[in-house]
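Engineer:
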Amino acid sequence: MNGPRDLILSAHHIVAGYTDENILHSVSLEVPTGAIVAVIGPNGSGKSTLLKAIYGLVPPRGGDVIFWDWEGTPHNLVGLRPHVITRLGVNMVPQLSNIFPELSVRENLEIGADVASGRFADRLERVLHTFPALKPALAKRAATLSGGQRQMLGIARALIAGPQLLILDEPSAGLAPAVVDEVFARVQAINAEGVSILMVEQKARQCLALSDYGYVLDMGLNRIEGTGQELLSDQEVIATYLGRRGRLDLAALKRR
Amino acid sequence: MMAEPILSIAGVSKRFGGVVAVNEASFDVAPGSITGLIGPNGAGKTTMFNLISGFLRPERGVIHFDGWRCDGRPPHALASVGLVRTFQIPRVLTRMTVLENMMLAGMDQPGEQLGAALYQPRHLARREREIRDQARELLEVIRLSRLANDYAGTLSGGQRKLLEFGRILMTEPRMILLDEPMAGVAPALALQLLDHIIALRAIRGTTILVIEHDMEAVMAISDRIIVMDEGSVIAEGLPEEIQRNERVIEAYLGTHAQAPVPAATAEP
Chain A
1 MNGPRDLILS AHHIVAGYTD ENILHSVSLE VPTGAIVAVI GPNGSGKSTL
51 LKAIYGLVPP RGGDVIFWDW EGTPHNLVGL RPHVITRLGV NMVPQLSNIF
101 PELSVRENLE IGADVASGRF ADRLERVLHT FPALKPALAK RAATLSGGQR
151 QMLGIARALI AGPQLLILDE PSAGLAPAVV DEVFARVQAI NAEGVSILMV
201 EQKARQCLAL SDYGYVLDMG LNRIEGTGQE LLSDQEVIAT YLGRRGRLDL
251 AALKRR
Chain B
1001 MMAEPILSIA GVSKRFGGVV AVNEASFDVA PGSITGLIGP NGAGKTTMFN
1051 LISGFLRPER GVIHFDGWRC DGRPPHALAS VGLVRTFQIP RVLTRMTVLE
1101 NMMLAGMDQP GEQLGAALYQ PRHLARRERE IRDQARELLE VIRLSRLAND
1151 YAGTLSGGQR KLLEFGRILM TEPRMILLDE PMAGVAPALA LQLLDHIIAL
1201 RAIRGTTILV IEHDMEAVMA ISDRIIVMDE GSVIAEGLPE EIQRNERVIE
1251 AYLGTHAQAP VPAATAEP
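Chains as they are written, first to last, in my numbering: chain A, 1 to 256; chain B, 1001 to 1268.
And the structure:
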């Protein structure tokens, strides 16, 4: 397959779910190289499942996920295990359990760098440049970090593997507002260094404000898409959260 | 603003360790109404249900059901005055048949005493027949008749929700708390479930308080909506008011970033 050079990831008609239930019925998205792409949508719309399907944590039951590595070689990620996907240049920060609490900050970063080539010291220096707050905490047990520091460590741990595409599942979850701003600022800084970002967020408005492009999912399907700015002013986006239409034949309901 | 409320929540708080799950929440529910309780994940809705139905005791505040102070009373005490709840995951007895599940709910009625069994066996036999007839009738209504003799454990998630609903109908409550009745229910069954909820209020005048994430459904069936966020009640009003309420929109979509985009003109 010969992909367009300006894309780093292209997912087509992804179907995925758990046991006998599909959560994603057919979702497609594209991440242009160097972009920040947001995936938003109400509870249960399939956002997290989409990220897990792309990263191989939930095997897709249908569709393709094409990733173009730094040489422009396309890889279909469907069927690959997460550690293989990480080696190709895609890394993910899950929403929960994204660090080893009993290990030190430094050990967490060492594990993160395991798949990467090159000297650890060099990689560490680069990551600490992005997350200076981790530097004085290197010897601390990760469990002793604050929620915000933990999230930073989770992202740093994924970043130290040297991904071309970083996937973030709700990086702001459970964080105080000031810390949320800080996390988003780090995401922008990482992106400014050339890493493409695919991010799921509950804080839809803040996330869209810094995203080049966004997708709104609903009921496991693509619902709306557009630039971050377009989606921010789209009343349909609000309707998706506070009264989506079309799933139920409500006219029939009222007649009874 | 409304008739004497059937349920009144005043300044109720509950914390778990350091986490404030419900914070000084107050709201009223009018008798015979369908009231939707919504809010993002972690807003405190289910904790509120647990407080109302007696599964948790509030640290602060007062709850009245029909003028009776009921906070801290156990669930069975509330059930005996006609306040019952469902769970997000239906609690049916999987190793009994569908019909037996229904009948057992009916036997739980106040008045089904051991004394009656000992001293009036005939009465008991008659009562059991009545309950069986009532159960069959209601199974017809909720369209589970053809599964009456199947074990409840073999039902789908949606069918279990219907059965749980049927069990509640057997007890003829005055008020029911429904915790996410639509979750995991296929669209065809979902419409049927909504229909039953509306019919229950229309025919028996039962008051209904419903937690629901399916906005389309909850906005369609509710007379009023109460919105919680981070433990507090942040808004209440008619569904169409709630859909336009900027505080509610913020709870679901977050605040605008530092440089806010000009808000699009509100439209109905």
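Ideal placement from N, C-alpha and C gives every residue a C-beta, glycine not left out.
Looking at the C-beta of Leu221 of chain A, does it have a partner C-beta in chain B at a distance below 8 Å?
Structural biologist: Counting from 1 along the first sequence, the entry for residue 221 of chain A is found at position 221. Not an interface residue.
Engineer: With DSSP as the reference, label Asp1028 of chain B as helix, strand or coil.
Structural biologist: Along the second sequence, one-based indexing puts residue 1028 of chain B at 28. Residue state, collapsed to three classes: strand.
Engineer: Alpha carbon to alpha carbon, how far is Ala1257 of chain B from Gly112 of chain A?
Structural biologist: As a working note, residue 1257 of chain B is residue 257 in the second sequence. As a working note, residue 112 of chain A is residue 112 in the first sequence. Computed Cα separation, rounded: 31 Å.
Engineer: Would you kindly report the start and end of the unbroken beta strand (DSSP E) that includes Tyr215 of chain A?
Structural biologist: Taking the first residue of the first sequence as 1, we reach residue 215 of chain A at position 215. Counting along the chain, the beta strand (DSSP E) containing Tyr215 of chain A begins and ends at Tyr213 to Asp218.
Engineer: So, at 7 Å on beta carbons, what are the nonlocal neighbours of Asp1270 of chain B in its own chain, with the 5 sequence-adjacent residues on each side left out?
Structural biologist: Beyond the ends of chain B as shown, which are 1001 and 1268, falls residue 1270 of chain B; an answer cannot be given.
Engineer: Taking the alpha helix (DSSP H) that Ser172 of chain A falls in, what are its first and last residues?
Structural biologist: Counting from one through the first sequence, the residue named residue 172 of chain A turns up at place 172. Premise fails: Ser172 of chain A is in no alpha helix (DSSP H) and is neither H nor E.
Engineer: Listed from N- to C-terminal order along the chain, which residues in the region 1196–1218 of chain B have their beta-carbon within a distance smaller than 8 Å of any beta-carbon of chain A?
Structural biologist: Ile1198, Ala1199, His1213, Asp1214, Met1215, Glu1216 and Ala1217
Engineer: Since Gln95 of chain A meets chain B, which of its residues come closer than 8 Å, beta carbon to beta carbon?
Structural biologist: Along the first sequence, read from residue 1 onward, the residue named residue 95 of chain A stands at position 95. Within 8 Å Cβ-Cβ: nothing; Gln95 of chain A doesn't reach chain B, min ~12 Å.
Engineer: Which residues in chain B sit within 7 Å of Gln151 of chain A, going by Cβ to Cβ distance?
Structural biologist: Taking the first sequence and counting its residues from 1, one reaches residue 151 of chain A at position 151. Residues of chain B passing the Cβ test: none, with the nearest at roughly 16 Å.
Engineer: Note down, one range per segment and in chain order, each beta strand (DSSP E) of at least 3 residues found wholly within the region 44–92 of chain A.
Structural biologist: 62–68 and 74–76
Engineer: To the nearest angstrom, how far is it from the Cα of Ala1186 of chain B to the Cα of Ile1221 of chain B?
Structural biologist: Counted from its first residue, the second sequence places residue 1186 of chain B at position 186. Counted from its first residue, the second sequence places residue 1221 of chain B at position 221. When rounded, the distance between both Cα atoms is 18 Å.
Engineer: Compute the Euclidean distance between the alpha carbons of Leu168 of chain A and Asp218 of chain A, then round it to the nearest angstrom.
Structural biologist: Here residue 168 of chain A corresponds to residue number 168 of the first sequence, with the count starting at 1. Here residue 218 of chain A corresponds to residue number 218 of the first sequence, with the count starting at 1. Taking the straight line from one Cα to the other gives about 19 Å.
Engineer: What is the residue span of the alpha helix (DSSP H) that Met1215 of chain B lies within?
Structural biologist: Working through the second sequence from its first residue, we reach residue 1215 of chain B at position 215. Unbroken alpha helix (DSSP H) run through Met1215 of chain B: Met1215 to Ile1221.
Engineer: Indicate whether Met1282 of chain B and Ile1131 of chain B have their beta-carbon atoms separated by less than 8 Å.
Structural biologist: Outside the displayed range of chain B (1001 to 1268) lies residue 1282 of chain B, so it cannot be described from this structure.
Engineer: Just reading off the beta strand (DSSP E) that Val1141 of chain B is part of, what are its end residues?
Structural biologist: Start at 1 with the first residue of the second sequence, and residue 1141 of chain B comes out as number 141. That residue, Val1141 of chain B, is in no beta strand (DSSP E); its alpha helix (DSSP H) goes Pro1121 to Val1141.
Engineer: Tell me, please, which residues DSSP counts as bridged to His1196 of chain B.
Structural biologist: The count along the second sequence starts at 1 and reaches residue 1196 of chain B at position 196. BP columns for His1196 of chain B are empty, so no partner.
Engineer: Within the 8 Å Cβ cut-off, does Gly1254 of chain B reach chain A?
Structural biologist: Against the second sequence, residue 1254 of chain B aligns to sequence position 254. At least one chain A Cβ lies under 8 Å of Gly1254 of chain B.
Engineer: Tell me, please, whether the CB atom of Ala1148 of chain B is closer than 8 Å to any CB atom in chain A?
Structural biologist: By 1-based counting over the second sequence, the position of residue 1148 of chain B is 148. By this cut-off, Ala1148 of chain B is not an interface position.
Engineer: May I ask you to report which of helix, strand or coil DSSP gives Gly1106 of chain B?
Structural biologist: Within the second sequence, numbered from 1, the residue matching residue 1106 of chain B stands at position 106. When secondary structure is reduced to three states using DSSP, Gly1106 of chain B falls in the helix class.
Engineer: Which partner residues does Met1182 of chain B have in the DSSP bridge list?
Structural biologist: Here the question's residue 1182 of chain B lines up with position 182 in the second sequence. Answer is none; Met1182 of chain B lacks a bridge partner.
Engineer: Give the C-beta separation of Leu175 of chain A and Met152 of chain A to the nearest angstrom, bearing in mind that I take them to be a contact with Cβ-Cβ under 8 Å.
Structural biologist: Working through the first sequence from its first residue, we reach residue 175 of chain A at position 175. Working through the first sequence from its first residue, we reach residue 152 of chain A at position 152. Actually they do not touch by this definition, with Cβ atoms about 10 Å apart.
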